[in-house]
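Report on the structure given below.
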Ligand SMILES: [Zn+2]
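In the numbering used here, the protein residues as written are 123 to 276.
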């Protein structure tokens, strides 16, 4: 499978054929492109931005704004559990998990789970972009603090 991230036509075709299956490999390629691009140039090319906009649609710009504001913090504890806190534009802190793409915000429930409008909310997208660009803040917490952070998730 040779879906080069810069080939927008191929992205279009893949997305229309098998959304669920294809998207994760497209995403992985897009994010690795984000990582290289950002590390080399300190920014993202217009070409890459339009590919990102095509795949993620409306949540992209607010997500990039969150990344610019360094709103993403990864909480780590000694037993290797991780979660993310993303400070939303209104100052509310949302909890996200990268692996199962969960976010505690209302948009995740409404636009992602119920209406299937977007593949992820801006917070999860922000955390993926932030990780790819290497700008995530890290906070070390104890196992106990991690448990209570997890229990606080709605
Ligand atoms: Zn969210």
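Beta carbons: idealized from backbone N, C-alpha and C, even for Gly.
- Remark: C-beta atoms of residue 250 and residue 197 do not approach each other more closely than 9 Å.
- Given a length threshold of 4 residues, each whole run of the alpha helix (DSSP H) inside the region 172 to 247 is given here in chain order: 182 to 190.
- Linking residue 232 to residue 246 through their CA atoms gives a straight-line distance of about 14 Å.
- In this structure, residue 160 sits near residue 166, with a CB-CB distance shorter than 9 Å.
- Secondary structure note for residue 273: its alpha helix (DSSP H) is the uninterrupted segment 265 to 273.
- Per the coordinates, the alpha-carbon of residue 220 lies some 18 Å from the alpha-carbon of residue 200.
- At a Cβ-Cβ threshold of 9 Å, residue 206 and residue 258 count as neighbours.
- DSSP places residue 262 inside the beta strand (DSSP E), whose first and last residues are 259 to 262.
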